[in-house]
Amino acid sequence: MSSVDTLVTEFTQRAEKVGAVVSMVKSMSEAFAYTVDLCERKDACQLLLSGCGLPLSDAAGEMCEARTQPKVVAAPALAGEEREALAAACEAKGMTLISDGMRKHLAGIDIGFTVAEYGIAETGTIVQNSNSEELRLATMVSENHVAVLPVSRIRATSYDVEREFVNMVDASPSYMAFITGPSRTADIERVLALGVHGPLELHILLLEGE
Amino acid sequence: MQKSTNLSEYRKSCQEALGDDFLREAMDKFATAYRANRVNAFADMHEKELIAEIAESKDAAIARLPELFEQFRAKAEAAGVKVHLARTAGEANEIIARIARDNGVKKIVKSKSMTAEETLLNHALEDEFEVVETDLGEWIIQLRHEGPSHMVMPAIHLSRHQVRDLFSEVTGQQQESDIQKLVKVARRELRRHYAEADMGISGANFAIAETGSIGLVTNEGNARLVTTLPRVHVALCGLDKLTPSIHDALRVLKALPRNATGQALTSYVTWITGANECATAEGGRKEMHVVFLDNGRSAMAEDPDFAQVLRCVRCGACANVCPVYRLVGGHKMGHIYIGAIGLILTYFFHGRDKARNLVQNCINCGACKEVCAAGIDLPRLIKEIHSRILDEDGHPTYSDLLGKLMKNRKLFHTLLRTAKLGQAPLKDGEGFLRHLPLMFFKEHNYRALPTIAEKPFRDMWKEIEPKLTGTKLRVGLFAGCVQDFVYPEQMAAAVKVMDHGKAHMDFPMEQSCCGLPLQMMGETAHAAEVAAQNVAALDPARYDYIVTLCASCASQLKHSYPRLLADDPAMSLKAKQFADKVIDFSSFVRDVLGIGADDFQNVAVTTKTAYHAPCHLCRGLGVVGTSQELISDSGLDYVKADEEDVCCGFGGTFSMKFPEESKELLNKKLDNVAKTGAKQLLTDCPGCVMQLRGGARRRGDDLQVRHIAEALAERLK
Ligand code: SF4
Ligand code: SF4
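Heads up: the sequence lines are chains A and B, in that order. Sequential numbering from 21 applies to the first sequence in the working numbering. Sequential numbering from 684 applies to the second sequence in the working numbering.
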């Protein structure tokens, strides 16, 4: 196995171990197709157990009702042709693609779509530049987070991305995230529960080539 | 939180916790699961090297906190952040309240911060502002008006049913006891609070000087929302979180989640530098503040003994493995900070009134030190604090008296001999006292106590001292009080085994108690005098090895003597040489004398034999597996009991102060041994023998408890 294959294998194993779904894609358009397909297959929020169907206080219930009906995909960092391609794919399935205005969707959206900066194989982690507030929110209030990670950006350990990472952190202001699997808690009786505040699912699409 | 005003009140509150069945079961499950998870998490790591590196880099940072603070401040301020330094907890709370007022804040969301717990920040803010904790566990305990019972899992003491009732009350709707659903209810309920809040308060696991960034480690992701949605963000962190570089933070991250929960990494690590984009803030930029809390940390950094406490990364592992925590939970084994580190920090952050009783609830088993992510010598520092509190408060008459008595070897030994005479009517003929002497309470009756031997080892020595034949190594024997006066037969057996291995033994009569009981009681000065007497009695220049059969004595002689005598110019060098030569019986017999299968009779025995690994041997001296190999080599049928290396509950004076806890630990131990079907239990420490034999006797277990030397001596060719 080449060293790239070894990194991909380790990254995949580690990420899957913490509940991420990892797939290979050959191009961005394949990634878009995956995203739209996932969004189509995924249930509306009530059935996804994100909590809307549960007995809530009146104030929290009102917020749920504020949710827009057509399914929503947010991809704040996409621009130009790529954005248009994803928008067209969404529209074909009756979904809405948004790039901003996340604060209007705090009750939740279906999918947040991002491209990650780096991957760390040792822990199955993606390094996500989250400087943009829209992106930060898209990766938090979405029920599923789909992140594209170019295979060429996978490093063995956190020390191996350190130099690049320090530069990103140092370019203030900056807001960086290491994301390893979906949001989780074990605060009640140490039982694992996914999706306590952030996404219930994390999908990582490993993009081949450069 | 600690409200007990004296030890007996505190003991009573611990007893109540012992009676909480849910807590006990939850803690037991957690303790066993954690151990296994941790082993897996570190499976492909060089754990000890990593911990040593963390300790070293933390020490380097602690030595230059003021400089790191200035560097952080300059970087962060250049990036639009306001940096504050609070001397005290009250000052920190006041700064944060002022920021809230200045910004017209009404509602505050918080992500988890132990530092905010330390300053009791919520109490300070709640009158004026609406404050909502967003970490699930923190939210639960906030709603219940409680403090955390664990640093990482603050609500570990509660059941799903209690959470159901709480959430039913909060939502005004009947909830189910389904954990997945309860978590989702919290998700939806809290989401609205983020949306409405004007200010977010977070802690910081790292304050990185080279970039002026803060780093936050969470699983739930609530910190990302808390630091994103509200227009104001305040991070509160202890000065000890100042970290020179990203590299140092990445290093800590390799150990922190693994040690905390057995995860390779938490779901989220968030790195924030400068005033970030924020749509609802003026000018589109967040109003960001970092408040550093001193609260005694600067002074600690300069204390040669206690500076290492600031290495702590708050992983909570020292509670996870603590047998006392497992019994009584975090509300008893801590004030705000929990577990071993909690006992120490309470004294520094919350004062000696809160710490006085707490620090005595440590059995000195060393389990915490073994796993500490920062390599802190926790058990020693706990004892040291006990000693400081006594120095400040005045020593209780009994412990001072005992110290004075033990210093005077002749008087002490005469007293033991007299006690032997006094116990005559109490003896039951099998080496136990028929009932407890007057100074004991009925709570102490969970184990039968041994009688003082007819003839102490020192009086036997002349008769049994082996003739010198083809000797190789000069060995000084150290007996310790229990083996000298209660179980001399253990010493005699050991002499037989070592003679078989051709050691040249010497037993100097001037030796006395090792001094550990004094140190356990906080009588450090008396312990040092006893140490000096023993080093003089067993002059290391005369021996190749100093052998003791008592694991507790061995670890005291080896680890404490050099420290106790460090300031004594006449003794410090000798004490180091002495310590270098101290070795435990099993290691000496197997590794030095080379005694193995060939030295034992060639008939296998069918009786199953279990082993109890004394804390002070397996962790104190790092001797693991040696005794078990000897047992197998000797032809005995060795079976491994569950939790073989967990404390038996003796802990010397601990078992006198907390008999209920000692009893529970003893029962757990004997239950695990019973499960193996063993009829014999061997160990390397006379204190453990006393506890285990007395307990087995009281329970009526069909179990013979002996020192390993006795079993080996019988099996020699
Ligand atoms: S030495 Fe043992 S009893 Fe004491 S704090 Fe550490 S783990 Fe707990
Ligand atoms: S003292 Fe050590 S084990 Fe305990 S919380 Fe701190 S770093 Fe973790």
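For every residue, glycine included, the Cβ atom is placed at its ideal position computed from N, Cα and C. Quantities reported herein were computed from a predicted structural model and do not represent experimental measurements.
>> On the DSSP letters alone, give me the boundaries of the beta strand (DSSP E) that B/Gly883 sits inside.
In response: Taking the second sequence and counting its residues from 1, the one referred to as residue 883 of chain B is at position 200. Looking at the DSSP string, the run of the beta strand (DSSP E) that includes B/Gly883 is Met882 to Ser885.
> Count the other CB atoms within 10 Å of the CB of B/His729; is the residue buried (16 or more) or exposed (fewer)?
Replying inline: Within the second sequence, numbered from 1, the residue matching residue 729 of chain B stands at position 46. Exposed: under 16 other Cβ atoms inside 10 Å.
> Which bits of chain B does A/Tyr179 rub up against, with CB to CB less than 8 angstroms?
Replying inline: The residue given as residue 179 of chain A occupies position 159 in the first sequence. Those within 8 angstroms of A/Tyr179 in chain B are His930 and Leu933.
> Would a check of beta-carbon distances place A/Gly215 closer than 8 angstroms to chain B?
Replying inline: Here residue 215 of chain A corresponds to residue number 195 of the first sequence, with the count starting at 1. At least one chain B Cβ lies under 8 angstroms of A/Gly215.
> Is any heavy atom of ligand 4 found at a distance shorter than 7 angstroms from the C-beta of B/Tyr1321?
Replying inline: Looking for ligand 4 in the displayed structure turns up nothing; the ligands present are ligand 1 and ligand 2.
>> Below 8 angstroms on the Cβ atoms is my contact criterion, and I expect B/Lys1185 with B/Lys1155 to pass it. Report the Cβ-Cβ distance as a whole number of Å.
In response: As a position in the second sequence, residue 1185 of chain B is number 502, starting the count at 1. As a position in the second sequence, residue 1155 of chain B is number 472, starting the count at 1. Confirmed, about 5 angstroms.
> Checking contacts by CB at 8 angstroms: is A/Tyr195 closer than that to chain B?
Replying inline: Taking the first sequence and counting its residues from 1, the one referred to as residue 195 of chain A is at position 175. At least one chain B Cβ lies under 8 angstroms of A/Tyr195.
> With a CB to CB cut of under 6 angstroms and the five nearest residues on each side skipped, what residues in its chain are close to B/Leu922?
Replying inline: Counting from one through the second sequence, the residue named residue 922 of chain B turns up at place 239. Result list for B/Leu922: Leu748, Phe975, Asp977 and Arg980, in chain order.
> Mapping DSSP to helix, strand and coil, what is B/Met1192?
Replying inline: On the second sequence, residue 1192 of chain B is found 509 positions in, with the first residue counted as 1. Reduced to three states, the DSSP call for B/Met1192 is coil.
>> Would you say A/Thr205 lies against chain B (beta-carbon separation less than 8 angstroms)?
In response: As a working note, residue 205 of chain A is residue 185 in the first sequence. By this cut-off, A/Thr205 is an interface position.
> Which of the three DSSP states, helix, strand or coil, is assigned to A/Leu222?
Replying inline: To locate residue 222 of chain A, count along the first sequence from 1; it is residue 202. Three-state result, A/Leu222: strand.
> Cβ-heavy atom distance between B/Ala1023 and ligand 2 below 7 angstroms?
Replying inline: In the second sequence, residue 1023 of chain B corresponds to position 340, counting from 1. Yes, since a heavy atom of ligand 2 falls inside the 7 angstroms radius drawn around the Cβ of B/Ala1023.
> Is the closest heavy atom of ligand 1 to the C-beta of B/Pro1062 under 7 angstroms?
Replying inline: On the second sequence, position 379 is the one that residue 1062 of chain B refers to. Checking every heavy atom of ligand 1 against the Cβ of B/Pro1062, one is found closer than 7 angstroms.
> What are the partner residues of B/Ile768, as DSSP defines its beta bridges?
Replying inline: Walking along the second sequence from the start, residue 768 of chain B turns up at place 85. In the sequence on display, residue 768 of chain B carries Leu and not Ile. DSSP, once it has assigned bridges, lists B/Phe975 as partnering B/Leu768.
> Below 8 angstroms between beta carbons: does that hold for A/Ala141 and A/Phe52?
Replying inline: Within the first sequence, numbered from 1, the residue matching residue 141 of chain A stands at position 121. Within the first sequence, numbered from 1, the residue matching residue 52 of chain A stands at position 32. No, they are not a contact pair.
> Do you know how far the Cα of B/Arg934 is from the Cα of B/Lys758?
Replying inline: Your numbering for residue 758 of chain B matches position 75 in the second sequence. Your numbering for residue 934 of chain B matches position 251 in the second sequence. Going from the Cα of B/Lys758 to the Cα of B/Arg934 covers about 22 angstroms.
> For the beta strand (DSSP E) that A/Gly131 lies in, which residues bound it at each end?
Replying inline: Here residue 131 of chain A refers to the residue found at position 111 when the first sequence is read from its first residue. Looking at the sequence shown, residue 131 of chain A is not Gly but Ile. Its beta strand (DSSP E) spans residues Ile129 to Val135.
> Excluding sequence positions up to five away, which residues of its chain have a Cβ less than 8 angstroms from the Cβ of A/Val211?
Replying inline: Here residue 211 of chain A corresponds to residue number 191 of the first sequence, with the count starting at 1. Answer for A/Val211: no residue qualifies.
>> In the DSSP assignment, the alpha helix (DSSP H) including B/Lys924 goes from what residue to what residue?
In response: Taking the second sequence and counting its residues from 1, the one referred to as residue 924 of chain B is at position 241. That residue, B/Lys924, is in no alpha helix (DSSP H); it is neither H nor E in DSSP.
> Skipping 5 residues on each side, what residues in its chain have a beta carbon closer than 7 angstroms to that of B/Tyr1228?
Replying inline: To locate residue 1228 of chain B, count along the second sequence from 1; it is residue 545. Closer than 7 angstroms at Cβ, skipping near neighbours: Leu1156, Val1158, Lys1264, Ile1266, Phe1271 and Val1275.
> Are the beta-carbon atoms of B/Ile791 and B/Leu819 separated by less than 8 angstroms?
Replying inline: Here residue 791 of chain B refers to the residue found at position 108 of the second sequence. Here residue 819 of chain B refers to the residue found at position 136 of the second sequence. Not a contact, by the Cβ cut-off of 8 angstroms.
> Where do the N-terminal and C-terminal ends of the alpha helix (DSSP H) with B/Gly1086 fall, by residue?
Replying inline: Translated into positions along the second sequence, residue 1086 of chain B becomes position 403. Per DSSP, B/Gly1086 belongs to the alpha helix (DSSP H) from Thr1080 to Lys1090.
>> Please state the DSSP three-state secondary structure of B/Val1286.
In response: Walking along the second sequence from the start, residue 1286 of chain B turns up at place 603. If DSSP states are grouped into helix, strand and coil, B/Val1286 belongs with coil.
>> Going by beta-carbon coordinates alone, are B/Ser950 and A/Pro202 separated by less than 8 angstroms?
In response: Here residue 950 of chain B refers to the residue found at position 267 when the second sequence is read from its first residue. Here residue 202 of chain A refers to the residue found at position 182 when the first sequence is read from its first residue. A contact, by the Cβ cut-off of 8 angstroms.
> Listed in chain order, which residues of the region 135–146 of chain A have Cβ atoms closer than 9 angstroms to some Cβ of chain B?
Replying inline: Ile140, Glu142, Thr143, Gly144 and Thr145
> Is it true that the CB of A/Gly215 sits closer than 8 angstroms to the CB of B/Arg870?
Replying inline: The residue given as residue 870 of chain B occupies position 187 in the second sequence. The residue given as residue 215 of chain A occupies position 195 in the first sequence. Cβ atoms of B/Arg870 and A/Gly215: closer than 8 angstroms.
> What in chain B is Cβ-close to A/Asn151, meaning under 9 angstroms?
Replying inline: Here residue 151 of chain A is taken as the residue at index 131 of the first sequence, counted from 1. Neighbours of A/Asn151 on chain B, chain order: Asn959 and Glu960.
>> Does B/His806 pass the burial test, meaning 16 or more other C-beta atoms within 10 Å, or should it be called exposed?
In response: Here residue 806 of chain B corresponds to residue number 123 of the second sequence, with the count starting at 1. B/His806 is exposed by the Cβ-count criterion.
>> I'd like to confirm the pairing. Which residues does DSSP put opposite B/Leu1116 in its beta bridges?
In response: The residue you call residue 1116 of chain B lines up with position 433 of the second sequence. Its beta-bridge partners are B/Lys1110.
> Taking C-alpha atoms, which residue in B/Glu1347, B/Glu1312 and B/Leu1348 lies nearest to B/Leu1365?
Replying inline: Within the second sequence, numbered from 1, the residue matching residue 1365 of chain B stands at position 682. The shortest Cα separation from B/Leu1365 among B/Glu1347, B/Glu1312 and B/Leu1348 belongs to B/Glu1312.
> Residues of chain A with a CB under 8 angstroms from the CB of B/Glu1402: which are they?
Replying inline: With chain B covering 684 to 1400 only, the question about residue 1402 of chain B has no answer from this structure.
> Hey, does A/Arg123 have any beta-carbon neighbour from chain B nearer than 8 angstroms?
Replying inline: Residue numbering aside, residue 123 of chain A sits at position 103 when the first sequence is read from its first letter. Cβ-Cβ to chain B under 8 angstroms: yes for A/Arg123.
> Which one of B/Val900, B/Ala1056 and B/Arg1063 has the shortest CA to CA distance from B/Ile1046?
Replying inline: Here residue 1046 of chain B refers to the residue found at position 363 when the second sequence is read from its first residue. Selected option, being the one with the closest Cα: B/Arg1063.
> Just by C-beta distance, which residues in the region 156–167 of chain A are closer than 7 angstroms to chain B?
Replying inline: Arg156, Leu157 and Met160
>> I need the straight-line Cα distance from B/Lys924 to B/Ile1019, nearest angstrom please.
In response: The residue you call residue 924 of chain B lines up with position 241 of the second sequence. The residue you call residue 1019 of chain B lines up with position 336 of the second sequence. Going from the Cα of B/Lys924 to the Cα of B/Ile1019 covers about 18 angstroms.
> Excluding five sequence neighbours on each side, which residues of the same chain lie with their C-beta closer than 7 angstroms to the C-beta of B/Asp1384?
Replying inline: By 1-based counting over the second sequence, the position of residue 1384 of chain B is 701. Result list for B/Asp1384: Leu1353 and Ala1357, in chain order.
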